[in-house]
Amino acid sequence: MARTRPIMPAWFHRLGSPKGFYSMTTPWLPWLAAASLVLLIGGAVWGLGFAPADAKQGNSFRIIYIHVPSAFLALAGYYVMAVAGAIGLIWRMKLSFVAMKAAAPLGAALTLISLVTGALWGKPTWGTYWVWDARITSMLVLFFLYLGVIALHYAYTNGEAAGKAAAVLALVGTANIPIIYKSVDWWYTLHQPATIKLTEAPSMHPSMFQPLLVMIAGFYCLYALVLILNIRAEILHRERGSHWVVELARSRRS
Amino acid sequence: MSAPDVVPTLATGRAFRALLVRDLTLAFRHRGEMANPLIFFVMVATLIPLGVTPESRQLAALAPGIIWVMALLASLLSAESLFLADYRDGTLEQLVLSPQPLWLMVLAKITVHWLVTGLPLTLLSPLLGIMLSLPAAGFGSLMVSLVLGTAALSMIGAIGAALTVAISRGGLLLSLIVMPLYMPVLIFGASAVQLAVDGMSPAGNLAVLGALLAFSCLLSPFATAGALRVSLHG
Chain S
1 MARTRPIMPA
11 WFHRLGSPKG
21 FYSMTTPWLP
31 WLAAASLVLL
41 IGGAVWGLGF
51 APADAKQGNS
61 FRIIYIHVPS
71 AFLALAGYYV
81 MAVAGAIGLI
91 WRMKLSFVAM
101 KAAAPLGAAL
111 TLISLVTGAL
121 WGKPTWGTYW
131 VWDARITSML
141 VLFFLYLGVI
151 ALHYAYTNGE
161 AAGKAAAVLA
171 LVGTANIPII
181 YKSVDWWYTL
191 HQPATIKLTE
201 APSMHPSMFQ
211 PLLVMIAGFY
221 CLYALVLILN
231 IRAEILHRER
241 GSHWVVELAR
251 SRRS
Chain C
1 MSAPDVVPTL
11 ATGRAFRALL
21 VRDLTLAFRH
31 RGEMANPLIF
41 FVMVATLIPL
51 GVTPESRQLA
61 ALAPGIIWVM
71 ALLASLLSAE
81 SLFLADYRDG
91 TLEQLVLSPQ
101 PLWLMVLAKI
111 TVHWLVTGLP
121 LTLLSPLLGI
131 MLSLPAAGFG
141 SLMVSLVLGT
151 AALSMIGAIG
161 AALTVAISRG
171 GLLLSLIVMP
181 LYMPVLIFGA
191 SAVQLAVDGM
201 SPAGNLAVLG
211 ALLAFSCLLS
221 PFATAGALRV
231 SLHG
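Printed below as a string of structure tokens:
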């Protein structure tokens, strides 16, 4: 392992050690919690209470303020998980496997939320909870991909091998996600075309769109917060025998 | 991964061929095991008329998808055995230690797996087409799509098999992790047959299947080799 070490800033190395990560993220938590609370409450009140009702769908469209942010993060969360796994495989960083393990159930939960809200939205809009539409199906496949990574992780008894195996699977899944995503174009049937396009002006009215952006920002903050909390909990569990964790527990108790 | 010069090493091409011949020989000595996925394939085809309807027009409408789903399941069932015997008797350890690149050895094993499952499934598929009254226009497309598709399935299944080989009773887990990855292949395979039945050209879908196969050939041997290393050495 003692090959040429790249010159990286000190914070990078602190981030790589479990103890460094733990102490580094402690002051972040109140800020992240405050930001996600303000953004989520603000965005929800704005979106649910003040944005105009949709001309065709009436008030039922308002579920978009939960549905779209969770779908966004469900997909982004898979990449977070896969990139963390890749970093772990390439640089043998212990912490990135911890991050990957923490990201998997979080992403799966967000995928489930987006599926359930989508189904609830489908009932008043299409008259049915479930349609085998391309976008819904690819979200379901994404959910299965998450479940596979989680199940594989749990099946291994050796923690290190579990991380590596799950990382390989997450990377293979990443190669498949663009194919699944492309299927949106191929099997476009019932669903609306993608509402937020990065290259074009949004087709939503700004008064509906702005609260959505606030909600997306809020979801990102909440995601970061929960991910860090998950990682910290996993760090404490893995390092439970080490000196600094024992010290920490003792100082909390007194 | 280079061996010391004093050790005479087998040329990589010859090692590949030797493994291919060995695995094929082993497969033919266990003909019963080889036949199991095929029997499964035909048996499930019998369940469909019993469970759904024996009426030929309805069966014809379902046939492309059902034959494809069953081929997928048969391929999935046989994927578990890809590395299991070699893992148990230690051959896999020797393959990993050998100076030849592991991905190439893996490629040989996947090729044999396809030759003893995917190819027979394809050859048997017209029989299922007749049993499920698939319209005549669909047969050519069915076979071409299965040749390409089952090869891609073998490639993808190998990754899952390598990841679960060291887990006791990993068979169910293997299906869990591999099935989402199978889905694009199923979608294009079944719709290629459906297009041919509807009188349209399946060329585009077959081309995508070929692309999926090419892509999986590129990715799978390396991912499988990496997964085998994780399974064996943690």
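Sequences listed follow chains S and C, in order. So the first sequence is residues 1 to 254, counted in our numbering. So the second sequence is residues 1 to 234, counted in our numbering. All residues carry an ideal CB built from backbone N, CA and C; glycine is no exception.
Through-space distance from F61 (chain S) to D54 (chain S), alpha-carbon basis
7 angstroms
Do H153 (chain S) and A162 (chain S) count as a contact pair if the criterion is CB distance below 8 angstroms?
Taking 8 angstroms as the Cβ cut-off, A162 (chain S) and H153 (chain S) qualify as a contacting pair.
Comparing C-alpha positions only, which one of C:G138, C:I156, C:A61 and C:I67 sits nearest to V44 (chain C)?
C:I67
With a cut-off of 8 angstroms, does the C-beta of A227 (chain C) fall near any C-beta of chain S?
yes
For D54 (chain S): DSSP bridge partner residues
S:G58
Which residues in chain S have a C-beta closer than 8 angstroms to the C-beta of G170 (chain C)? List them in chain order.
A155
Excluding sequence positions up to five away, which residues of its chain have a Cβ less than 7 angstroms from the Cβ of A84 (chain S)?
S96, A99, M100 and A103
Along chain C, in chain order, which residues have C-beta atoms closer than 7 angstroms to that of L258 (chain S)?
Past the edges of chain S, shown from 1 to 254, lies residue 258 (chain S), and the structure says nothing about it.
Does the segment 157-167 of chain C come within contact of the segment 162-180 of chain S, defined as at least 3 CB pairs closer than 8 angstroms?
yes
What are the boundary residues of the alpha helix (DSSP H) that includes R14 (chain S)?
A10 to G16
To the nearest angstrom, report how far apart R240 (chain S) and H67 (chain S) are at their CA atoms.
38 angstroms
Cβ contact check for the segment 189-207 of chain C and the segment 76-87 of chain C: 3 or more pairs under 8 angstroms:
no
Can you check which of these residues, S:P30, S:L39, S:M93 and S:K56, is closest to H13 (chain S) by C-alpha distance?
S:M93
Pick from C:L24, C:R17, C:A18 and C:L72: whose alpha carbon is nearest that of F40 (chain C)?
C:L72
Within chain C, the residues that L152 (chain S) reaches when beta carbons sit closer than 7 angstroms:
L163, L173 and I177
Taking the CB atoms as reference points, tell me whether P54 (chain C) and V197 (chain C) lie closer together than 8 angstroms.
The beta carbons of P54 (chain C) and V197 (chain C) sit no closer together than 8 angstroms.
Where R253 (chain S) falls, given that 16 or more other Cβ within 10 Å makes a residue buried:
exposed
Just the chain S side, please: which residues come within less than 7 angstroms of L95 (chain C) by C-beta, in chain order?
Within chain S, no C-beta atom comes less than 7 angstroms from the C-beta of L95 (chain C); the nearest is roughly 18 angstroms away.
Could you tell me whether the Cβ of A223 (chain C) comes closer than 8 angstroms to any Cβ of chain S?
Any Cβ of chain S closer than 8 angstroms to the Cβ of A223 (chain C) would place that residue at the interface, and such an atom is present.
Identify whether V165 (chain C) lies in helix, strand or coil by the three-state DSSP scheme.
Note: V165 (chain C) maps to coil in three-state DSSP.
Is A11 (chain C) helix, strand or coil when you go by DSSP?
coil
Return the Cβ separation of L225 (chain S) and S23 (chain S) in integer angstroms, given the expectation that the two are a contact with Cβ distance under 8 angstroms.
L225 (chain S) to S23 (chain S), Cβ: 17 angstroms. No contact.
Assuming S70 (chain S) is part of the alpha helix (DSSP H), what are its boundary residues?
I64 to W91 is the extent of the alpha helix (DSSP H) around S70 (chain S).
Using 10 angstroms around the beta-carbon of R31 (chain C), count the other beta-carbons present and answer buried if the total reaches 16, otherwise exposed.
exposed
Best match in C:T150, C:L97 and C:W103 for proximity to G13 (chain C) [C-alpha to C-alpha]
Comparing alpha carbon positions, the residue from C:T150, C:L97 and C:W103 closest to G13 (chain C) is C:W103.
Within a Cβ cutoff of 6 angstroms, which residues of the same chain sit near I231 (chain S), ignoring the five residues on either side of it in sequence?
Listed in chain order, the non-local C-beta contacts of I231 (chain S) below 6 angstroms within the same chain comprise V98, A99 and A102, local neighbours out to five positions each way being set aside.
Below 8 angstroms on the Cβ atoms is my contact criterion, and I expect S56 (chain C) with S133 (chain C) to pass it. Report the Cβ-Cβ distance as a whole number of Å.
4 angstroms
Cα-Cα separation between G122 (chain S) and R29 (chain C), rounded to whole angstroms:
55 angstroms
Tell me where the alpha helix (DSSP H) around E33 (chain C) begins and ends.
R31 to G51
Could you say if the segment 92-99 of chain C and the segment 177-184 of chain C meet the contact criterion of at least three C-beta pairs nearer than 8 angstroms?
no
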